[in-house]
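The structure appears below as structure tokens.
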Amino acid sequence: MADGLDLVLVWHMHQPDYRLAGPGGEPRFVLPWTYLHAIKDYSDMAAHLERHPRMRAVVNFVPVLLDQLEDYAAQCATGALRDPLLQCLAHPDLGALSPAERNALTNACFRSNHETMLRPYPQYLRLHELYRQAAADGETGLMYLSGDYFSELVTWYHLVWCGESERRQRAPIAQLLSKGSGFDLADRRLLLAQIGEILGGLVPRYAALARDGRIELSTTPNTHPLAPLLLDLASARQSQPDALLPHAGAYPGGRTRLAAQIAAARASHARRFGAPPAGMWPAEGAVSDGVVALLGEAGCRWAASSESVLANSLGLAGEAFAAERARHLYRAWRVDGHAPALFFRDEPLSDGIGFEYAKWYGSDAAADFVARLERIAAEAPEGERPLVSVILDGENAWESYPYNGYYFLDHLYEALCNHPTIRTTTFAEWLDGQHAPPAALTALKAGSWVYGTLSTWIGEPEKNRAWDLLCTAKQCFDRAVQGGRLDEAQRTAATAQLARCESSDWFWWFGPHNPRASVETFDRLFRANLARLYTLLGLAPPAILDTPISHGGGSAEQAGTMRRAT
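For what it's worth, our numbering labels the leading residue of the sequence shown as -15, then goes sequentially.
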């Protein structure tokens, strides 16, 4: 039996870049998820850590998310809003909305988990009932909805997206919730000011927690690319030998691009937080030998992935890995010859928070989580102190929890801070301590935190078609750069746009496991980003980008546990 254990809890914060250039070149946000998760989840997660000063955790911010948060904060500070939903919140006369704007606003303002974010609020629920009655008559019915209706709607939508901690700490938000109806322009402007304050304070709050040694801040390659596939499309076959691959044999110049994404992330982190990060969470926990080598060359002390990747890399599966799981999982590893220490997440514990505990009472869920940690410690070999890594999204789970997970996290942090033998720590702090050296891993089989494979981003016809389109665009980029056709400013703009196109999110959304509307939206975004890249290269976007990649998607039910921003 071990003398307790060490727990590293990693919250991964990520949203893809939702900005597209408008007719005048000014970036316009086409989806609101970045700022909505900011005022709800990123703010709540900071508040929980602030309330529990003995709690230690790792918070991972993807640079492209921080870019957008700072953009939103600047918009609110100047009043020059470039997000359609925020523009509606500030609109002086919502009765003057066009039919298209009315439709867009009603479509936007009911996108949430209705069980936790609509049904508990009678006034907001009534707005939904009125919308359903009006929508039954189509566009004509929507025209009967007044400006007062839309004022109520856009106000309530933002109120339900405000984090539980913000509701408790900010009197103006609490007053608007108490008012419940009759919201006017002054109320909406008041709410917008509160949103601006929340957004502007987020990065400083996390920076302060890190300066005080209460959290470790880590990062991900700049725009969240699927790193193993940038290096080698065929790496998908390391965990799925029969995986179908794109027609393109490789992503052109992938090693150079991944190195640039890593360097950009480390520079972004140093600029915002004063020093490069000690470690990186590769996008989607996707790793390979080549990825780890590049992280080591960049100066990363640690990286992390998931236990299925470890099992594949050890050549163990099913019962064979289960029999040895405790001995292999709860420690650090190092691939031969590479510098970063590797940590692998406990999948059942991580997924319990991400997908299961929302159905429990908060105190019961926290007690169960701690009891499972106690069993891990009890079953450890004498003299060994397990290191348990729990890694998951720090944003998407809470929409399914009552009160945005407030009571679960409060009980969990309190229990962990007061536990006599469980110590919360960070990867950097753990590496600085006294412990057994990392075990040697002969080779790392390419995979991710989803099934231990790369199948979520490659292998299906639509995903492969997206890769082929990206590879073709990259070839055009290379010819333009190598041919000297771009000046420095043009090259910088095109390179930034290429990085957006390399995001893993576009490939994730293709396929039947996601709702049709979301698939169609991200299909359009990906093709629009590629078209923008061609334009920045001085080329006409190919006509094929006018044709959807996807032939549809699944139902919301088919999306299952594959949760993303929407």
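Don't be surprised by glycine CBs; every beta carbon is placed ideally from N, CA and C.
(request) Keeping to the same chain, check which residues put their C-beta closer than 8 Å to that of Val276; ignore five residues upstream and five downstream. (result) By 1-based counting over the sequence shown, the position of residue 276 is 292. These residues qualify, in order along the chain: Ala287, Val319, His322, Pro324, Leu326 and Leu428.
(message) Less than 7 Å between the C-beta atoms of Glu366 and Asn97, yes or no?
(response) Position 382 of the sequence shown, counted from the start, is the residue given in the question as residue 366. Position 113 of the sequence shown, counted from the start, is the residue given in the question as residue 97. Not a contact, by the Cβ cut-off of 7 Å.
(message) Can you check which of these residues, His497, Met(-3), Gln481 and Ala524, is closest to Ala5 by C-alpha distance?
(response) Counting from one through the sequence shown, the residue named residue 5 turns up at place 21. For Ala5, the nearest C-alpha among the options comes from Gln481.
(request) Go ahead and pull the three-state DSSP assignment for Asp196. (result) Stepping through the sequence shown from its first residue, residue 196 is reached at position 212. The answer is coil: DSSP assigns Asp196 none of H, G, I, E or B.
(message) Taking the beta carbon of Glu331 as the centre, do at least 16 other beta carbons fall within 10 Å, making it buried, or is it exposed?
(response) One-based indexing of the sequence shown puts residue 331 at position 347. Buried is the call here.
(message) In whole angstroms, give me the CA-to-CA distance for Arg621 and Arg315.
(response) This structure cannot speak to residue 621, because the chain is shown only from -15 to 550.
(message) Does Gly79 pass the burial test, meaning 16 or more other C-beta atoms within 10 Å, or should it be called exposed?
(response) Along the sequence shown, one-based indexing puts residue 79 at 95. Per the 10 Å Cβ criterion, exposed.
(message) Just to check my reading of the structure: Glu148 and Asn448 have Cβ atoms closer than 8 Å, yes? What is that Cβ distance to the nearest angstrom?
(response) Taking the first residue of the sequence shown as 1, we reach residue 148 at position 164. Taking the first residue of the sequence shown as 1, we reach residue 448 at position 464. That pair is no contact at about 42 Å.
(request) Assign Pro499 to one of three DSSP states: helix, strand, or coil. (result) Position 515 of the sequence shown holds residue 499. Strand.
(message) Between which two residues does the beta strand (DSSP E) holding Met(-3) run?
(response) Along the sequence shown, read from residue 1 onward, the residue named residue -3 stands at position 13. Counting along the chain, Met(-3) sits inside the beta strand (DSSP E) bounded by residues Leu(-11) to Met(-3).
(message) What residue range does the beta strand (DSSP E) around Phe328 cover?
(response) Counting from 1 along the sequence shown, the entry for residue 328 is found at position 344. Taken as a continuous stretch (DSSP letters only), the beta strand (DSSP E) holding Phe328 covers Ala325 to Arg329.
(message) Suppose only complete runs of 4+ residues qualify. What are the alpha helix (DSSP H) ranges in the region 327 to 406, listed by chain order?
(response) Qualifying alpha helix (DSSP H) stretches, in chain order: 331 to 335, 346 to 362 and 390 to 402.
(request) Run the CB neighbour count on Ser130, radius 10 Å, all protein chains shown included, and call it buried at 16 or more, exposed below. (result) Walking along the sequence shown from the start, residue 130 turns up at place 146. By the neighbour-count criterion, in which 16 or more other beta carbons inside 10 Å mark a residue as buried, Ser130 falls on the exposed side.
(request) Decide if Glu379 is buried, meaning its Cβ has at least 16 other Cβ atoms within 10 Å, or exposed. (result) Locating residue 379 in the sequence shown gives position 395, where the first residue counts as 1. By the Cβ neighbour-count rule, Glu379 is buried, with 16 or more other Cβ atoms within 10 Å of its own.
(request) Indicate the three-state DSSP secondary structure (helix, strand or coil) for Gly184 in the structure shown. (result) As a first step, residue 184 must be located in the sequence shown, where it is residue number 200. The three-state secondary structure of Gly184, taken from DSSP, is helix.
(request) Going by DSSP, name the residue or residues bridged to Ser202. (result) Walking along the sequence shown from the start, residue 202 turns up at place 218. Asn44, per the DSSP bridge assignment.
(request) Between the Cα of Phe328 and those of Met101, Leu376, Arg38 and Glu444, spot the shortest distance and give me the residue it belongs to. (result) As a position in the sequence shown, residue 328 is number 344, starting the count at 1. Of Met101, Leu376, Arg38 and Glu444, the smallest CA-CA separation from Phe328 is found for Leu376.
(request) Identify whether Ser534 lies in helix, strand or coil by the three-state DSSP scheme. (result) Counted from its first residue, the sequence shown places residue 534 at position 550. Three-state DSSP puts Ser534 in coil, outside helix and strand.
(request) Decide if Asn91 is buried, meaning its Cβ has at least 16 other Cβ atoms within 10 Å, or exposed. (result) Reading the sequence shown from its first residue, position 107 is the one you call residue 91. Exposed, since its Cβ has fewer than 16 Cβ neighbours within 10 Å.
(request) Go ahead and label Ile528 buried or exposed: buried means 16 or more other beta carbons lie within 10 angstroms of its beta carbon, across all protein chains shown. (result) Here the question's residue 528 lines up with position 544 in the sequence shown. Ile528 should be labelled exposed.
(request) Under the assumption that Ile199 contacts Arg35 (Cβ atoms under 8 Å), give the Cβ distance between them as a whole number of angstroms. (result) Against the sequence shown, residue 199 aligns to sequence position 215. Against the sequence shown, residue 35 aligns to sequence position 51. Beta-carbon to beta-carbon, Ile199 and Arg35 are separated by about 13 Å, too far to satisfy the 8 Å threshold.
(request) Quick one: grab the DSSP three-state call for Ser290. (result) Your numbering for residue 290 matches position 306 in the sequence shown. Strand at Ser290.
(request) Kindly list the residues whose CB is nearer than 6 Å to the CB of Gly238, restricted to its own chain and excluding five residues on each side of it in sequence; keep chain order. (result) For this step, residue 238 is matched to residue 254 along the sequence shown. Same-chain partners within the cutoff: Leu214 and Leu215.
(request) Could you pull the start and end residues of the alpha helix (DSSP H) that Val276 belongs to? (result) What you label residue 276 is simply residue 292 of the sequence shown in a count that begins at 1. Val276 -> alpha helix (DSSP H) spans Asp273 to Ala282.
(message) Using the Cβ count rule (16 or more neighbours within 10 Å means buried), how would you classify Asp471?
(response) Translated into the one-based positions of the sequence shown, residue 471 becomes position 487. Under this definition Asp471 is an exposed residue.
(request) For my contact list, Cys455 and Leu523 are in at a C-beta cut-off of 8 Å; report their separation, rounded to the angstrom. (result) Position 471 of the sequence shown, counting from 1, holds the residue named residue 455. Position 539 of the sequence shown, counting from 1, holds the residue named residue 523. Actually they are not in contact, since the Cβ atoms of Cys455 and Leu523 sit about 16 Å apart, beyond 8 Å.
(request) Using the Cα positions of Ile533 and Tyr19, report the straight-line distance between them to the nearest angstrom. (result) One-based indexing of the sequence shown puts residue 533 at position 549. One-based indexing of the sequence shown puts residue 19 at position 35. Linking Ile533 to Tyr19 through their CA atoms gives a straight-line distance of about 28 Å.
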